[in-house]
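Per this note's numbering: the sequence shown = residues 26 to 167.
In what follows, a single structure is set out as structure tokens and then discussed.
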Amino acid sequence: MARGRSALPVAPVTQRPVAALVVAVGAVCGAATRWAVGELVPASRFPWALVLVNLAGSLVLGMVAFRAATGRRELVRLGAGIGFCGSLTTFSSLAVTLAHELGDGGSFLAVEVLVVHLAGGVGAAALGAGLRHRWWPGPALV
């Protein structure tokens, strides 16, 4: 079985309205959080708000993605992982920030931002998985 793929067939979203609603509610919460962070974090040359939302999303996703998801756990994974983290985090803003910095000759800052996102994101996801294991022990996917 390929990693990250379920061997069980998944019903279309039209047959799972509760799951769709949970994803939508999570997405609204994630988008509102992302907007609030952008408003509250002072603007600076370094994109702190972008880093904060992406690392926070990696942490939360690490907490929910590495746990076997059945029943209510599946709804938590859908709402927190796909809905909340999907709308909170942003790869496209990272790409635009990097392209802008490279275009303006800010290659050092672009590399800094990329390294912080990659190393910080992996570290935050691993921390999230570790916290999940500590707080909610149970079967894990990896």
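Backbone N, C-alpha and C define an ideal beta-carbon position, used for all residues, glycine too.
Legend entry - Segment contact flag, the region 135-147 with the region 69-79, C-beta cutoff 8 Å, min 3 pairs: Counting C-beta pairs with one atom in each stretch, the region 135-147 and the region 69-79 have three or more that are closer than 8 Å, which means they touch.
Inset, instruction - Could you name the residues of the same chain whose beta carbon sits closer than 6 Å to that of G153, not counting the 5 residues immediately before and after it, in chain order? - result: The beta carbon of G153 sits closer than 6 Å to the beta carbons of L84, G87 and M88 from its chain, once the five residues preceding and following it are set aside; these are given in chain order.
Legend entry - Own chain partners of A151 with C-beta closer than 7 Å, once the 5 adjacent residues on each side are dropped: G87
Inset, instruction - Could you check how far apart the C-beta atoms of G55 and L113 are, in whole angstroms? I think they sit under 8 Å. - result: 4 Å
Legend entry - DSSP three-state assignment for R98, whether helix, strand or coil: helix
Legend entry - Proximity below 8 Å, CB of G51 to CB of G108: yes
Inset, instruction - To the nearest angstrom, report how far apart G10 and V121 are at their CA atoms. - result: Nothing about residue 10 can be read from this structure; the chain reaches only from 26 to 167.
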